[in-house]
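To start, the structure under review is shown below, and the notes come after it.
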Amino acid sequence: MSELIEAVRSGDPQQVKAAITTTQSLDRTDAEGMGAIAIAVEAGSVEILKILLEADADPNLADNDGWTPLMTAAGGGDLKSCEMLLDAGADPNARTTFGLTALMAAAAKGHLEIVRLLGDRGADIRAKDNHKFTALVWASQEGHRDVVELLKALRDRPSDPV
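Counting in my numbering, the sequence shown runs from 38 upward without gaps.
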């Protein structure tokens with residue numbers, strides 16, 4: 038395991054900064070394919086996430102199943118991390134090996150403000166996973182009526198003129 042990943046897992050921002058100065062790659066992964074950013078997001082460490090993004094770690098680095106840090110943040114209800122990742126260039130339309138997107142993850146968990154953020158930042162409202170489910174279907178199946186209404190509004194809004 039890389040020194041950087043160990044530092045991120047420690048939760049110590051100073052240790053992370055020190056590891057960044059000696060690492061050969063900010064985008065090395067653990068056995069599951071999780072990179073430093075994904076580990077920071079999973080731990081809920083916005084401070085470490087900020088350090089990694091400022092050091093130019095890849096916000097789109099996916100694990101072995103295709104999960105990106107944005108998907109993890111969206112499904113976990115972490116609005117601040119979602120904003121930071123999107124600002125750093127995270128792809129709101131990246132897909133897992135199952136075809137899932139960050140929007141689907143947020144919709145399935147009922148995270149209204151994250152659904153709104155992703156919709157405003159270019160997430161494909163009509164995207165379907167490998168089972169042909171959209172974010173709207175995920176939200177509906179999980180009983181998140183407020184998210185269903187928001188997704189309908191986002192889906193039906195007029196496109197911006199080109």
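Ideal Cβ positions, reconstructed from N, Cα and C, are used throughout, including at glycine.
Fair warning: this is a prediction, and the values are worked out from it, not measured in the lab.
Could you tell me which residues DSSP puts in a beta bridge with residue i?
| i | result |
| --- | --- |
| threonine 66 | Gly72 |
Please work out which residues of its chain come closer than 8 Å, Cβ to Cβ, to residue i, disregarding the five sequence neighbours upstream and downstream, and give them in chain order.
| i | result |
| --- | --- |
| isoleucine 88 | Pro50, Val53, Lys54 and Ile57 |
Out of the options, which one is the CA nearest neighbour of residue i?
| i | options | result |
| --- | --- | --- |
| alanine 172 | Leu149, Ile162 and Gly180 | Ile162 |
| phenylalanine 170 | Asp64, Arg153 and Ala142 | Ala142 |
| threonine 59 | Ile42, Asp166, Cys119 and Pro129 | Ile42 |
| glutamate 79 | Trp104, Glu91 and Trp175 | Trp104 |
| leucine 122 | Ala94, Gly48, Val45 and Glu69 | Ala94 |
| glycine 114 | Asp102, Arg153, Arg65 and Ser39 | Arg153 |
| isoleucine 85 | Val45, Phe135 and Leu63 | Val45 |
| arginine 132 | Ala68, Ser118, Gly147 and Asn101 | Asn101 |
| leucine 149 | Arg158, Gly72 and Ala176 | Ala176 |
| leucine 140 | Asp124, Ala68 and Leu187 | Leu187 |
| arginine 194 | His168, Val174, Glu179 and Gly156 | Gly156 |
| arginine 192 | Val174, Gln178 and Glu179 | Val174 |
| alanine 77 | Glu179, Gln178 and Leu107 | Leu107 |
| aspartate 124 | Thr109, Leu90 and Gly112 | Leu90 |
| threonine 109 | Ser39, Val83 and Ala75 | Ala75 |
| glycine 70 | Ser82, Gly48, Ser47 and Leu98 | Leu98 |
In chain order, what residues of the same chain lie with their CB nearer than 6 Å to the CB of residue i, ignoring the 5 residues before and after it?
| i | result |
| --- | --- |
| glycine 126 | Pro96 |
| leucine 137 | Asp166 |
| threonine 66 | Gly72 |
| histidine 181 | Gly147 |
| glycine 159 | Pro129 |
| valine 184 | Ala144, Gly147, Leu149, Val152 and Ala176 |
| leucine 116 | Glu150 and Ile151 |
| threonine 134 | Asp102 and Gly103 |
Please report whether the beta-carbon of residue i lies at a distance below 8 Å from any beta-carbon of chain D.
| i | result |
| --- | --- |
| isoleucine 76 | As a matter of chain content, chain D is missing from the structure shown, which is built from one protein chain. |
Please classify residue i: does DSSP put it in a helix, a strand, or coil?
| i | result |
| --- | --- |
| serine 82 | coil |
| isoleucine 57 | helix |
| alanine 172 | helix |
| arginine 182 | helix |
| isoleucine 151 | helix |
| leucine 188 | helix |
| serine 177 | helix |
| leucine 41 | helix |
| proline 50 | helix |
| leucine 137 | coil |
| aspartate 157 | helix |
Ranges of the alpha helix (DSSP H) found wholly within the stretch 88 to 131, counting only runs of at least 4: Uninterrupted alpha helix (DSSP H) stretches at least 4 residues long and entirely within the stretch 88 to 131 occur at 106 to 113 and 116 to 124, given in chain order.
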